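Input: a single structure, listed below in structure tokens.
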Amino acid sequence: MKTVILATNNAHKVSEISNALDFPGWDFKTLAEAGIESDPAEDADTFLGNARIKALAAHKASGGMAALADDSGLEVDALDGTPGVWSSRFAGEDATDEENNAKLLAELADVPDEKRTARFVCTLVLIDEDGKEITARGTVEGRIGREPQGDGGFGYDPLFWPDVFDGECTLAEVPQARKNEVSHRGNALRSMRFKIELEKAKRLEMSM
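For the sequence shown, the positions run 0 to 207 when numbering that gives the first Met the number 0 is used.
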């Protein structure tokens, strides 16, 4: 059995990650489930940097177990890519989703619809037991609406209209399964799964 420490206690992320990377013999545990305390400062200026910080911290705190971390957020073109790595604290360190959404709408108040383009970004970092690193990145393109719409999802989902939905709905208006099919984290996880399978095949070939 291979235990993989997930550097999060977010139930949404745990469910999505464990379902996407359901390799035989893999057992996912959150930091809390593993009895691990790990809360490093996420002070990198990129999603990859912050995901790496969290994965390495969990890997070390667990005594060398495999560890997986993600960092994700929203990039708005009219705001030069912000909120970016500050997405969860755009309106302040302890800001709620509603406060972050309100600040974003205020910042974009005078921006015309055609220039409200944006994307959700997710970067994953897996540090294996031997210290080998595998990274993956996923995005979903769209635009920012003018008011929240939909009761599902979390974060900026009620404001985000994915291009793939052709303007029919926001990410907060679709079932979780449908969201996973197109989301930045879903895309990153599919990329990560492919890279893990390649690595497993390479190691098997080397052992023969």
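Backbone N, C-alpha and C define an ideal beta-carbon position, used for all residues, glycine too.
Everything numeric in this text was worked out from a predicted model, so none of it was measured.
Cα separation between residue i and residue j?
i	j	result
F89	V173	25 Å
P161	S206	44 Å
A94	V139	24 Å
A208	R145	Absent from the structure is residue 208, since the part of the chain shown begins at 0 and ends at 207.
D129	K53	17 Å
A77	E113	10 Å
E180	W85	25 Å
I35	L197	30 Å
L188	A56	21 Å
R192	L20	6 Å
K59	N99	33 Å
V124	L67	6 Å
T169	K199	37 Å
G166	S17	30 Å
E106	P147	15 Å
D26	M0	7 Å
R202	G63	20 Å
G48	K131	16 Å
K194	S182	18 Å
V163	E204	39 Å
Q175	D44	29 Å
Could you give the C-beta distance for residue i and residue j, rounded to a whole number, given that I count them as a contact under 8 Å?
i	j	result
I133	A65	10 Å between Cβ atoms; not a contact.
K28	D69	Actually they are not in contact, since the Cβ atoms of K28 and D69 sit about 16 Å apart, beyond 8 Å.
A6	S37	7 Å
V120	F46	6 Å
A31	N8	5 Å
Quick one, are the C-beta atoms of residue i and residue j less than 8 Å apart?
i	j	result
G149	A171	yes
A219	T122	Outside the shown range of the chain (0 to 207) lies residue 219, about which nothing can therefore be said.
A117	R142	yes
F153	D79	no
G91	G83	no
I4	S87	no
T74	R184	It should be pointed out that residue 74 corresponds to Glu in this sequence rather than to Thr. Contact: no.
L104	Y155	no
S190	G151	no
Does residue i pass the burial test, meaning 16 or more other C-beta atoms within 10 Å, or should it be called exposed?
i	result
G24	exposed
E33	Looking at the sequence provided, one finds Ala at residue 33 rather than Glu. Under this definition A33 is a buried residue.
D42	exposed
N186	buried
P111	exposed
R115	buried
L158	buried
K178	buried
| Which parts of the stretch 8 to 73 are runs of the beta strand (DSSP E), unbroken and 3 residues or longer, counting only runs that do not cross its ends? | 25 to 29
| request: Only counting runs of 4 or more residues, tell me where the alpha helix (DSSP H) segments fall wholly within the stretch 112 to 164, in order along the chain. | output: Here no run is fully enclosed.
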